[in-house]
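All the letters of the sequence shown, read from the start, carry residue numbers 294 to 768 under the numbering used here. Glycine residues also receive a C-beta, built at the ideal position from the N, C-alpha and C atoms. Have a look at the structure below, then the notes.
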Amino acid sequence: MNKLNTLLLSVLLSTPLLLSSSVKADLNLELPDFNLPQLGGHTGSIAASIKERETGLDVLRSLRARGLLIEDPEVNLWIRSLGNRLTARAPSSPNPFYFVVARDTAINAFATLGGVIVINSGLILNTSSESELAAVLSHEIAHVTQRHIPRMIEKAKNNKFATGAALLAGVIAATKDSQAGGAIINATLATTAHQQLAFGREAEAEADRVGLRILASAGLNPQGMPKFLQKLEEYGDSKTAEIREFLQNHPLTIKRVSDTSFRASQFGVFKGKENISYQYMREKVRSLANTTSRAPVSVSAQIKNYSNILLLRKQGAFQQAYNLAEKQLSTKNISEAALYAELAIKQRQYNKAISILLPLSKIYPGNEVIAIPLSQAYISLGQIGPAWKIIREIHTTEQTSLEFFEVLQELSRLRGNSSYAYRAVAERNIRTSHYQSARIQLTKAMRLPGSNVNELQEMRQMLDQIKHKKLKKGN
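This is how it looks when you write it as structure tokens:
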């Protein structure tokens, strides 16, 4: 193991990774109480919480830097919205959660330090409902709120067989180069390395129990969890190896399946309604993932049409896809309208794209799914003012799409504001852990005219935040 990896591992293992007292979220008191065990403690230091948060950001940014994630704004907004709906009903955590979709056909999902939850595209494609997918997310959220990973690291400190390589691979592999330490990490995604920190049966059982409560409290069908576990059990008996990775990380037993099924039944008959956005996004993930699978035969004609047009787009048959979009897609549905407008832009039908998206932008201001293609259509027509107004309505966060910053850079350049263009590049670089490049861009931006006092202060703060970050090689 090289010196850098050893140093990072020592910092993590020498820090007490238990958090200060926290108050549980206000759960629906009408739900049955299962007297959950206090497996995940809540005592510890603020410094440990800060260290976890920094590690989570490092993992997230490294995954984005390697291009391992699906960066589509609509898919990202959808998975974050579902994740946020669940975390709002989960036991509280002092650190933020980050939900991302990996372009990997293996059926897997994992949570790591700092609240980063990675869901493989293969897992999404092998769920049958929003509740099944939400069950997996709830389970991973429970691993975070119940402190399973930090407690596992703490336990491993006293285990002479727990090598530094195994811990590094399981916890911070995503932040390191895949060839570091003599090819310690051979896979292209942290999930493979994460197998070495597979959760024990006790932690898995607790994550199921807490996850079920989160699922039901969020208004989703608790039966989604036992249904998905039963599906895993069936896959486990098949000749395919797709499910092997998930089962290595999440041990499956007959007792676990039966216990989850019994507990889910205690919540009563589900009377809610599944959100159709799940079906749209499952098809979009299918089109963006490296898979030849097709939409299930059971989906509606509306979803089949959407899926077929996505397939034509993936194959590069843009004219044919656009012709079908004109006949089959609705301008009132965001997913269909966004696809229709994208295809119109491909055909240089910029005014058509604007006519599709402008009404939606007034209903959903600041929505990346609408604002980005709408501003691109305006740019193509040379209408920089309207494009700037639309793009500036987007509130940036750590998970703002990289495409947004590319559009922001181009718009800033066209407006003659080089300072803001440099800043846009810097913000994109920060989110992909290219800190040296970000530092250079911010320094250039601050030396140029065009920034007001508040903007200069914001850039100084960004410089302060990244000055202690490790510099990526080659940047």
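Answer yes or no: do residue i and residue j have a C-beta to C-beta separation smaller than 8 Å?
i	j	result
LEU505	THR553	yes
ILE278	GLU567	In the structure as shown, the chain begins at 294 and stops at 768. Residue 278 is therefore absent and cannot be evaluated.
ALA646	ALA637	yes
ALA435	ILE507	yes
ALA582	THR398	yes
LEU674	ILE663	no
ALA509	HIS441	no
GLN439	VAL352	no
PRO658	TYR671	no
LYS737	TYR715	yes
ALA719	ALA731	yes
TYR573	GLU423	no
LEU416	VAL437	no
SER712	SER668	no
ARG396	SER726	no
ILE410	PHE390	yes
ILE677	LEU707	yes
ILE400	ASN419	yes
ALA511	ARG606	no
For residue i, count neighbouring C-beta atoms within 10 Å of its own C-beta (all shown protein chains included) and say buried if the count is 16 or more, exposed if not.
i	result
PHE555	exposed
ASN369	buried
HIS761	exposed
VAL590	exposed
ASN722	buried
TYR728	buried
ILE687	buried
ALA427	buried
GLY349	buried
ARG740	exposed
MET752	buried
GLU499	buried
LEU356	buried
ASN644	exposed
GLN516	buried
ASN388	buried
GLU527	exposed
ASP501	buried
ILE759	buried
VAL304	Here the model assigns VAL304 a pLDDT of 27, short of 50, so the residue's position is not dependable and the matter cannot be decided.
Report the partner residues of residue i according to the DSSP bridge assignment.
i	result
THR405	VAL409
PHE392	ILE410
Report the three-state DSSP secondary structure of residue i (helix, strand or coil).
i	result
LEU701	helix
LEU356	helix
LEU362	strand
PRO589	coil
ALA680	helix
GLY376	helix
PRO652	helix
LYS607	helix
SER598	What sits at residue 598 in the sequence shown is Asn, not Ser. ASN598: helix per DSSP, three-state reduction.
PRO519	helix
HIS810	The chain is shown from 294 up to 768; residue 810 falls before or after that span and cannot be answered.
SER668	helix
GLN642	coil
GLY675	coil
ALA717	helix
GLN548	The residue asked about is misnamed: residue 548 is Lys in this sequence, not Gln. Here LYS548 sits in helix by DSSP.
ALA738	helix
PRO443	helix
THR553	helix
GLN613	helix
ALA630	helix
GLN559	coil
GLY349	helix
LEU513	coil
ASP397	coil
THR725	coil
TYR657	coil
MET755	helix
LEU540	The predicted model places LEU540 with a pLDDT of 48, which falls under 50 and marks its position as unreliable, so this point remains unresolved.
Assuming residue i and residue j make a contact with CB atoms under 8 Å, what is their CB distance in whole Å?
i	j	result
SER414	VAL393	In fact, because the Cβ distance is near 11 Å, the residues do not count as touching under 8 Å.
VAL562	LEU522	The Cβ separation is near 20 Å, so there is no contact.
LEU406	GLU345	5 Å
TYR615	GLN640	5 Å
LEU617	LEU632	Not confirmed; about 10 Å, so no contact.
GLN692	ARG373	6 Å
GLU364	GLU696	7 Å
ILE649	THR624	5 Å
For residue i, would you say it is in contact with chain D, using Cβ-to-Cβ distances shorter than 8 Å as the test?
i	result
GLN523	No chain D appears in the structure shown, which is made up of a single protein chain.
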